[in-house]
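In our numbering, the protein residues as written are 3 to 168.
Let me begin by presenting the structure, written as structure tokens, before commenting on it.
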Amino acid sequence: MYLTPQHILLAGATGLTGEHLLDRLLNEPTVSRVLAPTRRPLAEHPHLENPVGELTTLLPLLGGRVDIAFCCLGTTIKQAGSQDAFKAVDLDLVLAFATRALELGARHLLVISAIGADPKSSTFYNRIKGEMEQALRAQDWPQLTIARPSLLVGSRTETRWVEQLA
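Listed below in structure tokens is the structure:
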């Protein structure tokens with residue numbers, strides 16, 4: 003547990019995992035500020051700063067001290083529409099977020115990847131997740147936590163048939 007008030011940067015606050023994490027962070031007494039850029043507005047909270055727009059546009063505009071960054075970004079190839087669009091989110095945008103978090107002073111990055119992530123995988127999804135992990139390790143974070151869950155199951159607006167099988 004941290005003893006000084008923590009300033010958090012959170013990407014993916016409107017997704018399944020990020021939404022739950024945001025709720026926990028806003029109710030954590032040691033968190034004094036959560037900076038959560040999103041495409042659609044979040045409910046107001048005294049400790050929440052919520053710039054609204056595309057993350058690629060917002061990243062260079064983000065400011066203030068950041069102690070810890072959480073990256074809950076992720077999509078599916080179906081949702082993104084193509085492998086290139088998937089890679090733009092799950093690799094390029096994650097790396098851009100991590101770079102900006104470092105610039106803002108974050109000393110710990112926590113990111114969601116996937117079980118089976120491997121930059122040499124023959125499966126596109128696992129390969130991109132593995133490349134993302136490899137690139138984050140190369141950024142030389144003081145502390146890097148990579149979570150590798152299997153399926154993320156929960157209430158969603160879209161249907162994912164593989165998750166329905168779980």
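Glycine included, each C-beta is placed from N, C-alpha and C at the ideal position.
- In this chain, Gln145 is not harboured by any alpha helix (DSSP H); it is covered by the beta strand (DSSP E) spanning 145–149.
- One alpha carbon belongs to Ala82, the other to Arg67, and they sit about 32 Å apart.
- Residue burial is scored here from C-beta neighbours: His9 has at least 16 other C-beta atoms within 10 angstroms and is therefore classed as buried.
- Checking the DSSP bridge columns, you'll see Ala71 partnered with Leu11, Leu111.
- Residue pairing from DSSP places Glu51 in a beta bridge opposite Leu37.
- Beyond the five residues adjoining it in sequence on each side, Ala119 comes within less than 7 Å, by CB distance, of Asn128, Lys131, Gly132, Glu135, Arg150 in the same chain, given in chain order.
- Taking the Cβ atoms as the reference, Arg41 lies roughly 15 Å from Glu51, outside the contact range of under 8 Å.
- Beta-carbon to beta-carbon, Thr77 and Val91 are separated by about 5 Å, close enough to satisfy the 8 Å threshold.
- If you check the CB distance, Leu28 and Ala15 do not come in under 7 Å.
- In the three-state reduction of the DSSP assignment, Lys89 falls in the helix class, which pools H, G and I.
- When rounded, the separation of the alpha-carbon atoms in Ser152 and Thr59 is 31 Å.
- Membership of Ala45 in any alpha helix (DSSP H) is not indicated, and neither H nor E is assigned to it by DSSP.
- The Cβ neighbour count for Arg26, taken over all protein chains shown within 10 Å, is under 16; the residue is labelled exposed.
- A direct Cα-to-Cα measurement between Leu44 and Leu75 gives close to 16 Å.
- Taking Leu106 as the centre and dropping the five residues before and after it, the same chain places the C-beta of Val68 closer than 6 Å to its C-beta, in chain order.
- Excluding the 5 residues flanking it on each side, Pro144 has same chain C-beta neighbours closer than 6 Å at Arg109, in chain order.
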